[in-house]
Ligand code: FES
Ligand SMILES: [Fe+2]
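Residue numbers (my numbering): 49 to 367.
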C-alpha cells in the first residue's frame, strides 16, 4: 500500500454496484493494493486480494450461495467478515483464527462502491446539485488513464484547454481569452467562482452560449463544477488512484433538462480528447512546488489546488 495517510483514509470509487450485483468477484487496485470486491447478501466486501493459504488471488474464485467467497486453488471459503469458514480438504477441522483475510471499509453512494483503506471516517464526496429537485444524474466512465490522479483533477479544473482540446464543443479557438476570476483555498478545499468561457455546445444540446462556472475541489481527488447559464448542469469527478500514475476517472453529470443526444457518448468523446494530453504530461507527478512549471492568471484554480494538496500533505501522484 502506498504510504499516504490522507488518501489512505479517504473514500475512493472502485466498482459500480451493478458490476458487483452481477454476482462474481471483481479485482480492483487502489493505492498500490490489490483488492477483491464482491457482494455477500446486501453487504459489499472489499478485501486484500490474497488467500492466506498459498497467496492466490481470491478475485479468480467464486461467490458461493451468494454469501461466501471460495478460493480458486483449494477451495478455502471465507464469510463476509473475512474469516475462513471451510477448508474442504479437512471439512471436520475448524479453520484457525489466523485464517482470515485483510478486510477494508466500504460504502455505497451515487451507484458506486467506495473503499477506504484506512479509517473511512469522512463523508462520501458529493456536491450541491445531487440534491436538487427536478435533476437527473447520469454516470459516465470509469475512464482508465495512465496519469496521476492530481493531474486528472487539475485537467478537470482547467478551462484554458477547452478551445484547443475540445474545440467545437467546450471551446472555440476564435475566443480563447479567459477573464479574471477568483480562486481560493477554504476549509472545504478549493473554490473558484466566476470562471467565464464561451462554449459552442455547453449542454450537449447543440446551441452555443457564454457560461460561468463555479468549481470546487472537495477532496484531493474529488471535484465538481456547476455551470450557470440558461440551463442547470453540473458534474462531479472522483478519481481512483490505482497507482501513482495509473488512475480511473468517474464522472456524474447532473442536469435539469433532457439532453438531445447521449450524454455518456458526449463525455466519452470529451475524455478521449483529454486522455492523450494527460498521458503525455511530464513530469508524470504533479509538481506541488509552484516554482516548477509556469502559471498564468487564468491558472488560479490549479495554483490553489496545488497549494492545498501541499498544505494537507497528499503524496500520491504529486512531487
Ligand atoms: S491458496 Fe487459497 S485455498 Fe489454497
Ligand atoms: Fe478536457
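Glycine included, every Cβ here is placed at the ideal spot set by N, Cα and C.
With 16 other Cβ atoms within 10 Å as the buried cut-off, status of residue i
{"i": "residue 231", "result": "buried"}
{"i": "residue 344", "result": "exposed"}
{"i": "residue 91", "result": "exposed"}
{"i": "residue 122", "result": "exposed"}
{"i": "residue 140", "result": "exposed"}
{"i": "residue 396", "result": "Given a span of 49 to 367 for the chain in the structure shown, any question on residue 396 remains unanswerable."}
{"i": "residue 212", "result": "exposed"}
{"i": "residue 189", "result": "buried"}
{"i": "residue 69", "result": "exposed"}
Neighbourhood of residue i by C-beta distance below 6 Å, restricted to the same chain and skipping five residues each side
{"i": "residue 311", "result": "186, 252, 301"}
{"i": "residue 83", "result": "76, 94, 97"}
{"i": "residue 354", "result": "336"}
{"i": "residue 168", "result": "153"}
{"i": "residue 107", "result": "73, 75, 84, 97"}
{"i": "residue 265", "result": "237, 238, 271, 353"}
Ligand 1 heavy atom lying under 7 Å from the CB of residue i
{"i": "residue 101", "result": "yes"}
{"i": "residue 124", "result": "yes"}
{"i": "residue 174", "result": "no"}
{"i": "residue 148", "result": "no"}
Near ligand 2: residue i beta-carbon under 7 Å from a heavy atom
{"i": "residue 209", "result": "yes"}
{"i": "residue 318", "result": "yes"}
{"i": "residue 243", "result": "no"}
{"i": "residue 214", "result": "yes"}
Alpha helix (DSSP H) segment containing residue i, residue limits
{"i": "residue 320", "result": "311-328"}
{"i": "residue 65", "result": "65-69"}
{"i": "residue 349", "result": "348-360"}
{"i": "residue 202", "result": "197-205"}
Beta strand (DSSP E) segment containing residue i, residue limits
{"i": "residue 298", "result": "294-303"}
{"i": "residue 92", "result": "91-96"}
{"i": "residue 344", "result": "Element bounds for residue 344: n/a, residue is neither H nor E."}
Contact set for residue i: own chain, Cβ-Cβ below 8 Å, skip 5 residues either direction
{"i": "residue 71", "result": "87, 111, 114"}
{"i": "residue 52", "result": "79, 362, 363, 364"}
Close-in-space but distant-in-sequence residues of the same chain around residue i (CB under 7 Å, 5 per side omitted)
{"i": "residue 172", "result": "59, 155, 157, 162"}
{"i": "residue 165", "result": "49, 56, 78, 79, 81, 152"}
Any non-hydrogen atom of ligand 4 closer than 7 Å to residue i Cβ
{"i": "residue 322", "result": "Absence of ligand 4 from the depicted structure is noted, with ligand 1 and ligand 2 being the only ligands included."}
Stretch pair the segment 271-279 + the segment 55-69: three plus CB contacts closer than 8 Å: no
Cβ contact check for the segment 180-198 and the segment 316-326: 3 or more pairs under 8 Å: yes
Inter-stretch contact (C-beta, 8 Å, three-pair minimum) for the segment 322-329 and the segment 195-206: yes
Cβ contact (3+ pairs, closer than 8 Å) linking the segment 254-274 and the segment 283-302: yes
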